[in-house]
Structures are given as structure tokens and as C-alpha cells.
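Each residue of the sequence shown is one higher than the last, beginning at 1 in the numbering used here. For every residue, glycine included, the Cβ atom is placed at its ideal position computed from N, Cα and C. Structure first, then comments.
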Amino acid sequence: MDNRARFTFTSMRPNLFWLVALVLSGCQESTDMTQEVMHLESAEDPHLWLEEVEDEKALAWVREQNLRTLGELEADAEFAENREAAIEVLTSQERIPYGRVRNGKVYNFWQDDENVRGLWRRTSKESYSSDSPEWEVVLDLDALSKEEGKNWVFKGSDTYRDEVSGTYFCLVSLSDGGKDAVIKREFDLDGAAFVDGGFVTPEAKQHTSWLDGETLLIATDWGEGSLTDSGYPRIVKRWKRGTPLSQAKELIQGDVSDVAVYPYTLELDDGRVLACAEESDTFFTSTHWLLSGNEEEPLRFPIPPKISLYGVYQGSLLLSLKEDWKPKGQGISFESGDLVAFNLDEFLATKELPSVELIFRPNETQAVNFVSIASGAALLSINENVTGKILRLERKADEWFTSSIALPGTGQTSLVFADRDESVVFLNYEDFLTPDSLLEYDCESGETGVLKQLPPKFDVKGLEVEQFFVPSTDGTQIPYFVVRKKGIKFDGSTPTLLYGYGGFQISMRPSYNGVTGRLWLEKGGAYVLANIRGGGEFGPAWHQSGLKGNRQRIYDDFIAVAEDLIDREMTSPEHLGIMGGSNGGLLMGVMLNQRPDLWNAVVIQVPLLDMLRYHLLLAGASWVDEYGSPDLPEERVFLEKISPYHNFNADKSYPTPFFVTSTKDDRVHPGHARKLARKFEEAGLPFYYYENIDGGHSAAANQVERAKRSALEFTYLTKKLF
């Protein structure tokens with residue numbers, strides 16, 4: 001769920017008087033009354049006090065649970081060993097320093113045991129290719145945090161290159177404690193220092209884009225009424241250097257009901273930069289606008305609402321479809337999942353949609369992931385039977401062609417860095433048993449080479465990976481991967497960790513995880529990755545089949561995988577545990593309620609659990625398109641059936657769950673985990689609970705905290721499943 005000011009929660013009581021007044025006056029329509037009654041029902045929740053994020057009473061409860069959980073798990077003989085191993089993996093110097101190329105230098109952000117908050121650093125391209133690059137520190141986050149009395153978390157940088165001078169302009173994003181809300185400060189890349197009198201923004205969930213070296217497009221919190229119901233900006237303005245932010249000129253304003261409105265730019269092949277904005281009408285639908293620099297109204301791009309837009313290559317604007325499309329008057333149809341393009345200059349000249357061309361149509365086993373544009377090449381990342389491939393796109397004689405780029409195997413590959421100013425592209429390859437390799441692809445020669453490769457982080461001797469398929473309740477074949485030791489007895493005794501997500505068209509693909517390897521696989525545990533619906537493994541249809549009231553399909557898929565593991569006697573309920581975070585945390589909560597008989601351990605990470613109030617908490621309103629709205633009676637019915645918080649039954653026999661969340665998570669509210677854990681406490685049922693005070697939606701602000709969280713989780717899993 002994706003990345004999204006802390007909120008102050010107030011009583012719903014004033015709505016009672018408002019509703020009564022409207023009923024007495026007879027001036028409110030029944031549908032609105034129904035919605036208000038629903039909100040009033042939520043107001044009767046006896047645990048609302050736990051939604052007060054930093055209220056002392058709530059934090060006192062959190063500290064009590066942390067103390068109890070840490071006291072038990074840290075005293076376990078496994079914990080110290082697990083924590084030491086996790087720290088060794090996560091803070092090891094033997095990690096690939098992934099980077100971005102700027103003016104012949106490679107920039108990398110690095111954290112280790114000495115640089116807990118991290119170093120932003122750089123080296124030459126030549127040095128980067130060596131085994132021991134000579135790094136120059138650009139920004140020391142630990143020193144900055146100490147100097148300013150903050151817990152700064154580096155959230156990346158926005159850069160712009162002036163085509164004439166070659167100068168880079170840069171904004172650094174800093175989060176206090178890992179929140180999605182950030183401040184942005186202009187940074188001099190050459191001088192490695194913040195710019196005196198440069199652009200600085202107040203803390204907010206915000207987005208910026210450089211229009212030129214003197215101008216920013218910015219969407220931020222402009223004050224009362226300027227945010228959407230989801231808590232994101234809805235007004236984009238143009239901000240000129242040397243002027244106060246309050247004088248920025250408004251370019252476009254979205255609706256309060258939108259998820260957000262973000263600025264972005266399109267760079268054309270000749271160096272022109274177009275100001276644009278994406279109005280996210282819902283989480284999955286958007287309207288794209290061309291913003292004028294004059295007094296003209298924004299011009300709407302004539303494209304469908306369900307698309308992903310990737311940029312301009314050889315004059316064509318590239319986009320992938322999430323729905324079928326018949327461009328008006330063109331006598332041609334495109335399918336959901338297709339990658340298509342049209343000539344952007346022609347559109348700018350006529351303000352009409354030019355002829356649309358098909359670039360790539362995935363087959364039933366494929367899905368488009370992303371397109372990256374480099375100098376002289378456009379690269380397409382796809383899934384094929386859940387594994388990754390990279391294709392190069394070429395346009396010759398008005399036709400598009402693809403050619404495969406050589407990869408080390410059939411695991412996961414991703415585009416790490418591509419920029420239209422650089423002919424060198426960085427790719428990453430990994431699979432369950434193969435450590436990450438950083439590949440360098442030269443767009444001019446078409447050659448691929450291994451730039452860096454990780455040494456093994458765990459012993460893979462005797463391990464094997466298999467892919468299985470199991471029919472779900474409706475007959476759909478659901479794939480899943482199993483990583484385990486060869487020759488294990490099929491007697492149901494293997495400790496097994498099953499991981500799932502199933503939402504937001506996010507694909508779960510084979511990946512190398514040193515912590516899981518050291519803390520689980522080396523000890524004889526099996527790891528299973530379920531590719532259930534809701535993800536993007538097989539394109540938009542795989543995701544859309546599990547939206548809203550159809551979401552039970554996702555849960556049935558996960559149950560089908562678990563039952564297949566048990567039927568094959570790879571494991572048994574006594575030795576089967578499950579884990580998932582965010583939307584996967586919701587999955588874990590549902591599984592805890594629907595099939596407590598199938599597992600003996602459930603790790604519920606930064607979860608959604610109250611599905612009747614989720615849309616009122618932090619970024620929750622932005623996910624209504626995924627889950628459905630509790631305010632619509634026809635959608636609320638299903639949410640009532642699956643909401644983990646509301647389906648808790650004190651008389652049910654539950655496995656002991658482990659709730660993991662973060663106080664500073666300003667995306668998924670920590671109240672979700674707090675409230676269900678509180679129900680376990682009131683029922684006298686055993687549970688573990690750990691809430692990191694910092695860390696944002698990752699539940700860890702740095703690698704040391706991440707190691708501690710992982711050690712706690714795997715100590716719990718070992719305790720329950722071995």
C-alpha cells in the first residue's frame with residue numbers, strides 16, 4: 001500500500017447532534033443518514049483511545065506490551081543469536097551499494113552498524129566498478145540528526161539536470177522517524193551542502209518536480225481544506241526561486257474525494273520539459289493533465305483512467321493499460337495489460353489523440369511491470385510465470401520489436417537505474433538461493449556484464465526451490481514457491497513459514513533474503529511464497545479479480561496453498577506459521593479468524609485490522625477502491641464479514657499471534673494492531689506485541705532496529721514451530 005502529518009483523532013460525538021438535528025428537520029437524505037449511523041456505530045468502539053497515536057494512556061499500554069513481549073522473547077536462547085546474525089547480514093559491508101549516476105559520479109545511500117541513519121555518498125564510475133570504491137561523503141545523516149536533534153530518515157532526492165549547463169539541481173527529502181511526511185531542502189550536489197536561501201518546504205506528505213533550475217512544481221499541505229480525504233495534497237502550484245511558498249501560483253486543483261494530485265514532468269527527446277499532473281481519482285484510476293505555463297486551463301490527456309504512464313521514447317508517449325481500450329474513431333481495440341504508445345508532438349499540436357500503436361501484448365503467463373527510458377533505449381520489465389525478464393524495445397519502420405536481455409537465471413530482475421541522459425543501465429538479478437547481482441547493460445553495445453555480486457549470506461547447500469500450482473475454490477490455479485532442504489521427510493514435521501500479500505497489483509517474486517536464510521532456512525525451516533490473487537503476477541486481471549467484495553478469493557487462494565502443503569505432508573498445522581505485512585497484515589488477521597486451525601504461529605506486521613474504520617485512519621481513504629467503502633451498505637456487508645477486529649471471538653481457539661507495528665507509521669495506523677491486541681488481552685488470550693517508536697511503515701527506522709524486529713519475529717516462529 002503505498003507510500004503515504006500525523007493526525008489527531010477526536011470523538012465522533014459531535015456527529016450525533018448533527019445527525020439528530022438533521023433528522024428532526026427532515027432535510028437529510030436516507031443514504032447520507034445511513035452513512036452517518038455507520039460512523040456512529042464505529043464511535044461506540046471501546047478501544048478508540050488506542051487510536052490516539054501519542055496519547056500518554058495509549059503509549060503507556062504500548063510500553064507495557066513491549067516490556068512483556070521483549071522480556072519473554074529476548075530471554076529466549078534463540079534471540080541473541082538471531083539478533084547477532086540479523087545485524088551481521090543487514091549491516092554487513094558486503095552489500096551491493098546500489099546507485100544512481102549523476103554527472104559521471106555514482107551516488108549511493110549506505111547504512112551499517114557505524115552509520116545507523118546512513119551516509120549519502122558518491123564515487124566516480126571507474127571507482128564504482130572496482131571491488132573497493134573510494135567514497136566521498138555527501139551527507140551524513142547521523143551527524144545531521146545529532147546537530148538538529150532529529151531522528152532523520154533519508155527518503156531520497158529529486159534531481160533535475162539543466163540540458164545547457166549540465167548542472168544538477170537537487171532536493172533532499174528527510175523524514176523525522178520514518179514517517180511518510182517529509183521536509184525537502186535544496187542541496188548543492190557539487191558542493192555537498194545544503195543551499196543557503198534555497199528551496200525549503202515544511203513537513204508534509206508532499207511531492208515536487210523540477211520544471212527548470214528556477215522553478216518547482218509542488219503539491220503539499222497548503223492549509224485547511226487543501227488535502228484530500230485520504231490526507232494527501234490535491235493542489236499543485238508553481239513555485240519560483242526567491243519567492244515565499246505562499247506566493248506559489250496555483251496550476252490545478254483536484255477534488256477532496258480524490259486520493260491525491262501529484263505533479264510530474266515529461267522530458268521530450270529534444271530536451272523540452274512539460275509540466276503535468278496526475279489526479280488520482282481513486283487508488284487505481286487517474287486523470288492526467290498537461291499544465292500550461294500561461295493562463296490557459298489544464299489540458300486533459302485523452303487516455304483511459306486505468307493506466308501506468310512511463311515517459312517519452314522516440315517521440316512516443318508510452319503507457320500500459322489496466323483495462324480494455326477502444327480509442328475513439330480509430331477502429332482498433334487494445335486489451336488490459338497491453339503496452340501502447342502514441343506520438344506526443346502530434347498531440348501537442350492538435351490537442352487530439354493521435355493513432356495509438358501496440359508495442360507489446362503479454363500472453364497468459366506474462367505481465368508488464370515497468371518501462372525505463374535510458375539514452376538510446378527503452379527497457380521493458382515483465383513477469384513470466386512469476387519470474388522476471390527484461391526486454392529492449394525498438395521501433396523500426398513504424399513497427400515495434402522486442403529483444404531479450406541476457407540474465408543469469410530465472411529469478412527476479414529489476415531495473416535499478418536508467419536515465420535518459422545516460423547510456424548505462426543498472427539491473428539487479430536475484431533468486432531464492434542466488435545472492436543479488438548488479439548487472440551493467442550498455443545501451444550502445446547491447447552487452448550485459450556483472451558489475452558486482454554479493455557473497456552468500458547463508459549456506460544454501462542441500463537447499464532446493466520448487467514451484468507448485470494448486471486449484472483454489474473456484475478452480476483457478478494458484479502458484480507458490482517452496483524453498484526447503486532436499487530429502488526432507490514428508491511426515492508433516494517440517495517447520496514451515498508461509499508468506500503472502502495479495503493486493504494492490506504488487507507481485508511477490510523470487511528474492512534472496514539473507515535474514516530469512518540465516519534465521520530460518522539454515523535451521524531446517526522451509527519457506528513458502530504464495531502468489532495469490534490481488535497481486536500483479538499475471539497482470540491487471542489477476543489483481544482485479546480480488547477487489548472489494550471478491551476479496552474472499554484472495555483468502556481462499558492462501559488457504560488452498562496452506563492446505564496443499566499439509567496434504568503433501570510437507571508440514572502440518574502444528575508446524576505451519578504465516579507472515580505478512582500491511583495489506584499482508586490484513587491477510588494475516590483474516591487467516592487468524594477464518595482458519596485458526598491451520599497454523600500455530602501468525603506474524604501480523606503493520607496491519608489493517610479494523611475494516612469498518614480503516615477509511616477514517618491516516619491514508620485509509622485512499623484504499624477504498626481496493627477494499628470497498630464501509631459507508632456503502634452493499635460494500636460494508638462484506639467488510640463486516642472479513643474485518644479481523646470485528647470477527648474476533650473470545651471463545652475461539654486461536655494460535656498465539658505476534659503483532660508488529662510502529663508508532664511513527666503515518667500510512668497504516670498503529671491503532672489497528674493495538675486494538676485487536678487489546679481484545680486478546682481482555683479475553684485473557686496469549687499474544688505478543690511489539691511497537692517500534694520510530695520506523696514508519698517499515699516498522700524500523702534503521703538496520704539495527706530492523707535486525708531487532710527480525711530477531712524477535714524469528715525467535716517467536718522458532719519457539720512455536722520447531
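- Judged by DSSP in its simplified three-state form, residue 581 adopts strand.
- Here the C-alpha atom of residue 711 lies approximately 44 Å from the C-alpha atom of residue 255.
- Residues of the same chain with a CB within less than 7 Å of the CB of residue 249, apart from the 5 flanking positions on each side, are 237 and 238 in chain order.
- Under the DSSP assignment, residue 388 falls in the beta strand (DSSP E) whose first and last residues are 387-396.
- Residue 603 and residue 559 have their C-alpha atoms roughly 16 Å apart.
- With respect to the 8 Å criterion, residue 577 and residue 588 are not classified as neighbours on the basis of their beta carbons.
- Of the candidates 186, 182 and 229, 229 places its Cα closest to the Cα of residue 621.
- Assignment of residue 354 by DSSP, reduced to helix, strand and coil, places it in the coil class.
- It is roughly 13 Å from the alpha-carbon of residue 482 to the alpha-carbon of residue 516.
- Residue pairing for residue 466: DSSP places it in a beta bridge opposite 482.
- Between the alpha carbons of residue 109 and residue 90 lies a gap of roughly 14 Å.
- The shortest CA-to-CA distance from residue 138 to any of 471, 465, 130 and 188 is the one to 188.
- Spanning the alpha carbons of residue 337 and residue 153 requires a straight line of approximately 36 Å.
- Taking the Cα of residue 330 as reference, the smallest distance to any Cα among 355, 547, 251 and 593 is reached at 355.
- In this structure, 114 is the residue among 257, 73 and 114 with its C-alpha nearest to the C-alpha of residue 93.
- Considering only 206, 273, 179 and 170, the residue with the shortest C-alpha distance to residue 191 is 170.
- Looking at the backbone, the Cα of residue 119 and that of residue 168 are separated by about 20 Å.
- The three-state reading of DSSP puts residue 474 in coil, since its state is none of H, G, I, E or B.
- Taking residue 326 as reference, the option from 201, 357 and 296 with the minimal CA-CA separation is 357.
- A residue is called buried once 16 or more other Cβ atoms fall within 10 Å of its Cβ, and residue 180 is buried on that count.
- Distance from the CA atom of residue 584 to the CA atom of residue 616, rounded to whole angstroms, is 20 Å.
- Between residue 713 and residue 638 a beta carbon distance of about 30 Å is seen, past the 8 Å cut, so the two are scored as non-contacting.
- Annotation for residue 554: the continuous alpha helix (DSSP H) segment containing it runs 552-567.
- In the DSSP assignment, the residues bridged to residue 249 are 238.
- Exposure of residue 272 is indicated by the presence of fewer than 16 other C-beta atoms within 10 angstroms of its C-beta.
- Burial of residue 507 is indicated by the presence of at least 16 other C-beta atoms within 10 angstroms of its C-beta.
- Unbroken beta strand (DSSP E) stretches of 3 residues or longer found wholly inside the stretch 283-322: 286-290, 307-313 and 316-321, given in chain order.
- DSSP places residue 202 outside both helix and strand once states are collapsed to three, so it counts as coil.
- As DSSP reads the structure, residue 624 sits in no beta bridge.
- Beyond the five residues adjoining it in sequence on each side, residue 409 comes within less than 8 Å, by CB distance, of 429, 431 and 434 in the same chain, given in chain order.
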